[in-house]
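Asks: Numbering-wise (this note's numbering), the sequence shown opens with residue 17 and increments by one. Every residue, glycine too, gets a C-beta built ideally from N, C-alpha and C. Nothing here was measured: the structure is a model prediction, and the numbers come from that model. If you scroll down you'll find the structure; I have some questions about it.
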Amino acid sequence: MLDYKLLHALATVIECGGFERAGDALGLSQSAVSQRIKSLEVRLGQPVLIRHPELHPTPAGQRLLNHYQQVQLLERDLRTTLPTLGESAPRLRIAINADSLVTWWADAVGELCRAEGLLLDLVVEDQDVGLKRLRDGDVAACLCASPQPIAGARCVPLGEMAYQPLATPDYIARHFPHGPSIDAFRQAPAIVFGPHDQLQHRFLAQCGYHGSFPYHLCPSSEGFVRLALAGMGYGMIPQMMQADALVAEGRLASIAPGESLSVPLYWHFWRHSGNVLERLTRALGQVTLK
Numbered sequence: 017m018l019d020y021k022l023l024h025a026l027a028t029v030i031e032c033g034g035f036e037r038a039g040d041a042l043g044l045s046q047s048a049v050s051q052r053i054k055s056l057e058v059r060l061g062q063p064v065l066i067r068h069p070e071l072h073p074t075p076a077g078q079r080l081l082n083h084y085q086q087v088q089l090l091e092r093d094l095r096t097t098l099p100t101l102g103e104s105a106p107r108l109r110i111a112i113n114a115d116s117l118v119t120w121w122a123d124a125v126g127e128l129c130r131a132e133g134l135l136l137d138l139v140v141e142d143q144d145v146g147l148k149r150l151r152d153g154d155v156a157a158c159l160c161a162s163p164q165p166i167a168g169a170r171c172v173p174l175g176e177m178a179y180q181p182l183a184t185p186d187y188i189a190r191h192f193p194h195g196p197s198i199d200a201f202r203q204a205p206a207i208v209f210g211p212h213d214q215l216q217h218r219f220l221a222q223c224g225y226h227g228s229f230p231y232h233l234c235p236s237s238e239g240f241v242r243l244a245l246a247g248m249g250y251g252m253i254p255q256m257m258q259a260d261a262l263v264a265e266g267r268l269a270s271i272a273p274g275e276s277l278s279v280p281l282y283w284h285f286w287r288h289s290g291n292v293l294e295r296l297t298r299a300l301g302q303v304t305l306k
């Protein structure tokens with residue numbers, strides 16, 4: 017039988033990114049946390065963590081984490097039907113892309129979280145790589161751009177988010193005086209959310225450009241828009257954000273009028289993870305993206 021105290025230590029080490037922070041979260045010393053991981057590895061007969069060059073679970077550790085996530089959700093459902101087991105606030109760890117978080121997510125899940133006392137542990141991750149978090153057992157669900165389900169999980173399409181390539185009129189006059197062109201794309205500074213963000217590359221490929229380009233890295237949706245408003249570059253800004261209002265006010269404009277990029281979003285979650293994820297999935301199914 018599995019010792020869930022040991023699995024809890026493993027999950028906390030991964031969530032916190034280290035033994036010392038995990039000890040703080042669990043109220044244990046770093047050595048006590050290390051001993052629990054060692055006990056788990058002895059019982060399993062193989063390592064559950066790779067410690068260098070960066071901390072991440074082994075394949076066996078990933079399977080244990082996936083199992084632990086599902087058990088936590090099932091226990092939450094059991095406490096609902098058997099209150100004498102004791103109540104604790106349920107917490108759901110989810111990987112989500114930043115643009116969804118600052119636009120439609122809160123409206124979609126707010127009522128459910130309030131009604132059920134559900135606490136969310138949101139891990140902001142690019143929509144192209146969030147699925148790795150689920151595969152690694154780090155989260156119970158994720159919102160990402162991949163339609164390919166992983167073994168043991170379900171995949172539900174939610175719709176598409178539309179992005180426009182926006183910059184200030186002055187920036188466009190400087191860098192795109194004759195409209196979009198290969199030379200302009202090669203030289204004009206762009207704004208990219210993070211090293212894994214492929215929106216800019218997809219847009220440029222859609223326009224026929226596949227080369228390199230200068231760019232700012234800005235891992236903040238709000239900061240992203242502020243850099244664009246400061247005339248520092250052009251970026252792919254969600255239509256659901258304040259883009260429409262900023263364009264209507266004349267503060268931003270498209271560098272390629274009529275061009276946009278649509279990104280599909282998919283909700284992935286572990287099968288047999290309990291009713292709360294099913295209810296959350298139904299709530300997300302009511303969202304209308306554009």
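(1) When burial is assigned at 16 or more other CB atoms within 10 Å of the CB, is Gln164 buried or exposed?
(2) Going by the DSSP bridge assignment, what does His226 pair with across the sheet?
(3) Considering only their Cβ atoms, is the gap separating Ser162 from Leu4 smaller than 8 angstroms?
(4) Is DSSP giving Glu336 helix, strand or coil here?
(5) Just to confirm, is the Cβ distance from Tyr179 to Ser276 under 8 angstroms?
(6) Roughly how many whole angstroms lie between the Cα atoms of His232 and Arg52?
(7) Could you name each continuous alpha helix (DSSP H) segment of 4 residues or more that falls completely within the segment 232 to 269, going from the start of the chain to the end?
(8) Look at the alpha carbon of Ala131 and the alpha carbon of Pro273, and state the distance between them as a whole number of angstroms.
(9) How far does the beta strand (DSSP E) with Ala183 in it extend, from its first residue to its last?
(10) Which residues in the same chain as Ala27 place their Cβ atom closer than 7 angstroms to its Cβ, once the five residues preceding and following it in sequence are excluded?
(11) Under the three-state reduction of DSSP, which class applies to His194: helix, strand or coil?
(12) Could you give the distance in angstroms between the alpha-carbon of Leu174 and the alpha-carbon of Pro280?
(13) How would you label Pro230, buried or exposed, when you count the other beta carbons within 10 angstroms and need 16 or more for buried?
(14) By DSSP, does Gln88 sit in helix, in strand, or in coil?
(15) Near Thr100, what residues of its chain come up, given a Cβ to Cβ distance below 8 angstroms and the 5 sequence neighbours on each side ignored?
Replies: Inspection of the coordinates gives the following:
(1) Taking the sequence shown and counting its residues from 1, the one referred to as residue 164 is at position 148. Burial call: exposed.
(2) Residue 226 sits at position 210 when you count from the first residue of the sequence shown. Beta-bridge partners assigned by DSSP to His226: none are found.
(3) The displayed coordinates of the chain run from 17 to 306. Any statement about residue 4 would go beyond what the structure contains.
(4) In the structure as shown, the chain begins at 17 and stops at 306. Residue 336 is therefore absent and cannot be evaluated.
(5) Here residue 179 refers to the residue found at position 163 of the sequence shown. Here residue 276 refers to the residue found at position 260 of the sequence shown. Yes, the Cβ-Cβ distance between Tyr179 and Ser276 is below 8 angstroms.
(6) Locating residue 232 in the sequence shown gives position 216, where the first residue counts as 1. Locating residue 52 in the sequence shown gives position 36, where the first residue counts as 1. About 43 angstroms.
(7) Secondary structure within the segment 232 to 269: the alpha helix (DSSP H) runs of 4 or more consecutive residues, fully enclosed, are 237 to 245 and 260 to 264 (chain order).
(8) Position 115 of the sequence shown, counted from the start, is the residue given in the question as residue 131. Position 257 of the sequence shown, counted from the start, is the residue given in the question as residue 273. Rounded to the nearest angstrom, the two C-alpha atoms are 44 angstroms apart.
(9) As a working note, residue 183 is residue 167 in the sequence shown. Unbroken beta strand (DSSP E) run through Ala183: Ala169 to Ala183.
(10) Translated into the one-based positions of the sequence shown, residue 27 becomes position 11. Cβ-Cβ distances below 7 angstroms link Ala27 to Leu81 and Tyr84 in the same chain, with the five nearest sequence neighbours on each side left out; the list follows chain order.
(11) On the sequence shown, position 178 is the one that residue 194 refers to. Looking at His194 - three-state DSSP - the assignment turns out to be coil, as it is neither helix nor strand.
(12) If you number the sequence shown from 1, residue 174 lands on position 158. If you number the sequence shown from 1, residue 280 lands on position 264. As the crow flies, the alpha-carbon of Leu174 is around 8 angstroms from that of Pro280.
(13) To locate residue 230, count along the sequence shown from 1; it is residue 214. Counting Cβ neighbours within 10 Å, Pro230 comes out exposed, since fewer than 16 surround it.
(14) The count along the sequence shown starts at 1 and reaches residue 88 at position 72. It is helical.
(15) Numbered from 1 along the sequence shown, position 84 holds the residue referred to as residue 100. With a pLDDT of 47 at Thr100, under the threshold of 50, the modelled position of this residue cannot be trusted, and the question is left open.
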